[in-house]
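Colleague: Start counting the sequence shown at 1; every next residue gets the next number (the UniProt record's numbering).
Glycine included, C-beta positions come from ideal geometry on N, C-alpha and C.
Here it is, the structure in full.
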Amino acid sequence: MDLRDLAYFETIAELGHLGRAAQKLNRSQPALTKSIQRLEESFGTRLFQRDGRRIKLTPV
């Protein structure tokens, strides 16, 4: 995990959409997915829940 992962996390949470976050951050969706996976591994829990095309924070 690094600060970049946390910045990506913030943008994804704010926009609630992985595609829009990727576009805003100038990154690919797979790159953001890997970033989320790193954070989830670091914290030992899921941070996001997918709901169709939207993505939202878990209660954690």
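Please classify ARG46: does DSSP put it in a helix, a strand, or coil?
Modeller: coil
Colleague: Can you check DSSP and say which residues form a bridge with ILE55?
Modeller: ARG50, per the DSSP bridge assignment.
Colleague: Go to GLY19, then tell me how far its alpha helix (DSSP H) extends in each direction, as first and last residue.
Modeller: The continuous alpha helix (DSSP H) containing GLY19 extends over residues 18-25.
Colleague: In the DSSP assignment, the alpha helix (DSSP H) including ASP5 goes from what residue to what residue?
Modeller: 3-15
Colleague: Indicate the three-state DSSP secondary structure (helix, strand or coil) for SER28 in the structure shown.
Modeller: Looking at SER28 - three-state DSSP - the assignment turns out to be coil, as it is neither helix nor strand.
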